[in-house]
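Numbering (our numbering) for the sequence shown: 569 to 855. Where is the CB? At the ideal position from N, CA and C, for every residue including glycine. Everything below concerns the one structure shown next.
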Amino acid sequence: MPLKKKSKKAADVNIYTDADARSTAVLATKTDIASESDMIADAKRSLAECLDTDELHSEVLYDNMYTGNDKGLGIVREHARIPALETKLEGLQKELYDERKERRDQFSELHNAFNRLAQQTDARFSVRYADIRSRFLSTFRRGFMDDESREDQKVIDQGNVAAHHGFFMADAMLYDPEGFINKHSQQFPPRTDLDTFKLLYGVDPSLAKKIDYTPTVQVLERHAMVRASSRFQMTALFEEKFQAFIRALKATDYAGDYLNFQSDQVAELLFAYQEFWKASRQCQPLR
569 MPLKKKSKKA ADVNIYTDAD ARSTAVLATK TDIASESDMI ADAKRSLAEC
619 LDTDELHSEV LYDNMYTGND KGLGIVREHA RIPALETKLE GLQKELYDER
669 KERRDQFSEL HNAFNRLAQQ TDARFSVRYA DIRSRFLSTF RRGFMDDESR
719 EDQKVIDQGN VAAHHGFFMA DAMLYDPEGF INKHSQQFPP RTDLDTFKLL
769 YGVDPSLAKK IDYTPTVQVL ERHAMVRASS RFQMTALFEE KFQAFIRALK
819 ATDYAGDYLN FQSDQVAELL FAYQEFWKAS RQCQPLR
């Protein structure tokens, strides 16, 4: 809108008394779309007509003086809104970032709580089922490694309860140099067949003190269950992806927290983890 006369006079005085002040002249019109040369000719003719027919105004927009017709000043007004819109957009982006950060923090807290609970559960059941876990390892050694040693057969014959799933922490405790204790508080010497454990879990049992990230443990236990069970058809792809995961795990020095959005994710390890579970879905129980 044109400035009131009083405002216009005040602006005129400021411009007159300030030798450096300038007013930007803006004149706008519309022409038909045609060839470039025709549009240039039409624009010149139409702009010249605007000078004779359109009323010109002066406005101060964001501390700058502009003079032009209604269409020209309208373009300036729209252009002048851009900084305000950019500021508003930045504010919305910050709000969105803060909200996403809050959600990531909540996810991280739940993720870590689940991991701690899983570790506590493993520790609580490891000692109680020591003899059953030892039977799991000996049965695997006899059935899948063609080793029918008298010692393994003795362990198998000591009970009639068998385990069918991997239990990384409990099985690793059986290789502790100080031996292990069963649920009857009986002391047993440590197992020495490290090759059995490595074939099932892909790592040395001593690394159980270092590998405490639940998603990693679940991968190792899934492999042990499929490998030790005659109920599953283990595919070559399953074993290939498991070995790729183990290599990535070793390359990161057995890193944890790679599924946590707050952590610096190890891309190769995360990819190997995802690929393993894709391959794992193909290992269905035999009918």
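Closest by C-alpha distance to Arg815, out of Met802, Leu837, Asp825, is Leu837. DSSP places Val628 in the uninterrupted beta strand (DSSP E) bounded by 625-629.
Under the Cβ criterion (8 Å, minimum of three pairs), the segment 813-828 counts as touching the segment 763-779.
The residue among Glu646, Pro758, Val834 with its C-alpha nearest the C-alpha of Asp821 is Val834. Measuring C-alpha to C-alpha distances from Lys778 to each of Gln842, Ser798, Asp825, Ile608 identifies Asp825 as the nearest. Secondary structure at Met633: strand, using DSSP grouped into helix, strand and coil. Two segments are said to touch when three or more pairs of C-beta atoms, one from each, lie closer than 8 Å; by this definition the segment 590-597 touches the segment 633-641. Rounded to whole angstroms, the separation of the alpha carbons of Gly711 and Glu808 is 22 Å. Close CB contacts of Gly734 within its chain, under the 6 Å cut and outside five residues either way in sequence, are with Glu789, Ala792, Met793 (chain order). Residue burial annotation: Ala738 is buried, with at least 16 other C-beta atoms found within 10 angstroms of its C-beta. For Thr782, the secondary structure class from DSSP, reduced to helix, strand or coil, is helix.
For Ser591, the three-state secondary structure derived from DSSP is strand. Secondary structure of Ile608 (DSSP, three-state): helix.
Just so you know, the alpha carbons of Ala616 and Ser605 end up roughly 17 Å apart.
Going by DSSP, Phe736 is part of the alpha helix (DSSP H) stretching over 736-741. C-alpha of Leu660 to C-alpha of Glu646: approximately 21 Å in a straight line.
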